[in-house]
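Count the sequence shown with the numbering used here and you get residues 5 to 254, in order.
Just so you know, even glycine gets a beta-carbon here, dropped at the ideal spot from N, CA and C.
Note that the structure is predicted; figures quoted are calculated from it, not measured.
Everything on this sheet refers to the single structure shown next.
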Amino acid sequence: MGCPAINIANPKRASRAIPAPARRASVRGPVSLRRTTEKARRYDRPTSSGPYVANDPVNRSDPTGMFWQDRNAYVGGRPISDGPLNNGHMYIATNARYRGDPEARIYSAGPRGSEGIWGPLVPAGPGSSINTNDTAAWRSLGTIDKVGAAERINAPSIVVEGVATNMGGNPDYELTPGFLSDGGCNSNCWGAAVVGDSEAIAAEQGRQPMGPNWSAQGSKPGGMDYPGQNYGGRVERTNPRCVPGDASEC
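Below you can see the structure in the form of structure tokens.
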């Protein structure tokens, strides 16, 4: 077999007959992958997840993994009488993302069971008629057909929950404390006591989410009158370490 002829007159033409070596495949990977890897290295996750929930993992929530939401506390009020009296009944809502949030926890107080107005003032837990009605009123605040209203409490939800859980009652239930009163109290005394103690504790701890110039104490949700609102001092505090001055067990 003979060798291919070489055109000496034009060496460039001869060189074309020799195939060029194949280029080496890149080992760096696709450009998009390199950029993604570099970006991941540049924006490493912080070692602490505290800033992701505003340094408050108890009161923040991220159910979808995409964002966090505030969990706030409110003092709510619903009407209990028609006509010119315009009287309201107070309750407390915690762990709420917004007014009417069905995930909120409702704390109530009122007369004890069948004793009615002749018995003591006691906290009314889930399953009681008072708490059931308060829960319905609260959830209505997220609809068009609102029943009553609610004002935000200037304290972290977890503080308000601790105070409400440790708030007692009064041996004597009264419809209108302060009017022909002998020291008794009602749900509005109880609600005001929770608001007052919670906001005082939050101020002591420097944990006022709405700043130092806001307070729900004395507010009248829905513009109603709340007899007994000024007599929160008549409600028993069942834990002396969950009060303003010592909130170590709230």
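With contacts defined as CB atoms closer than 8 angstroms, A113 and A97 fail to qualify as a contacting pair.
If you ignore the 5 residues before and after S191, its C-beta comes within less than 6 angstroms of the C-beta of H93, M94, A113, G114, all in its own chain and listed in chain order. Contact between N174 and G188 holds, with the beta-carbon distance rounding to 6 angstroms and staying under 8 angstroms. Following the DSSP letters along the chain, one finds N137 inside the alpha helix (DSSP H) bounded by residues 133 to 144. For the 8 angstroms CB-CB criterion, A168 and V198 form a contact. DSSP places N192 in the helix class (H, G or I) of the three-state scheme. Here Y102 is exposed. Its C-beta has fewer than 16 other C-beta atoms within 10 Å. Non-local C-beta neighbours of R241 in its own chain, meaning closer than 6 angstroms and more than five positions away in sequence, comprise V247, ordered along the chain. A Cβ-Cβ distance of about 13 angstroms is found for the pair E155 and S202, leaving them out of contact under the 8 angstroms criterion. With a threshold of 16 other beta carbon atoms within 10 Å, R245 falls short and is exposed. When the beta-carbon positions are compared, V164 and A77 come within less than 8 angstroms of each other.
In this structure, the CA atom of C193 is about 10 angstroms from the CA atom of L179. Short of 7 angstroms from the beta carbon of I157, and not among the five residues preceding or following it, lie these beta carbons of its own chain, in chain order: A77, Y78, V79, V164, V199, S202, E203, A220.
Around the beta-carbon of S118, fewer than 16 other beta-carbon atoms lie within 10 Å, marking it exposed. In this structure, the beta-carbon distance from C254 to G123 does not fall below 8 angstroms.
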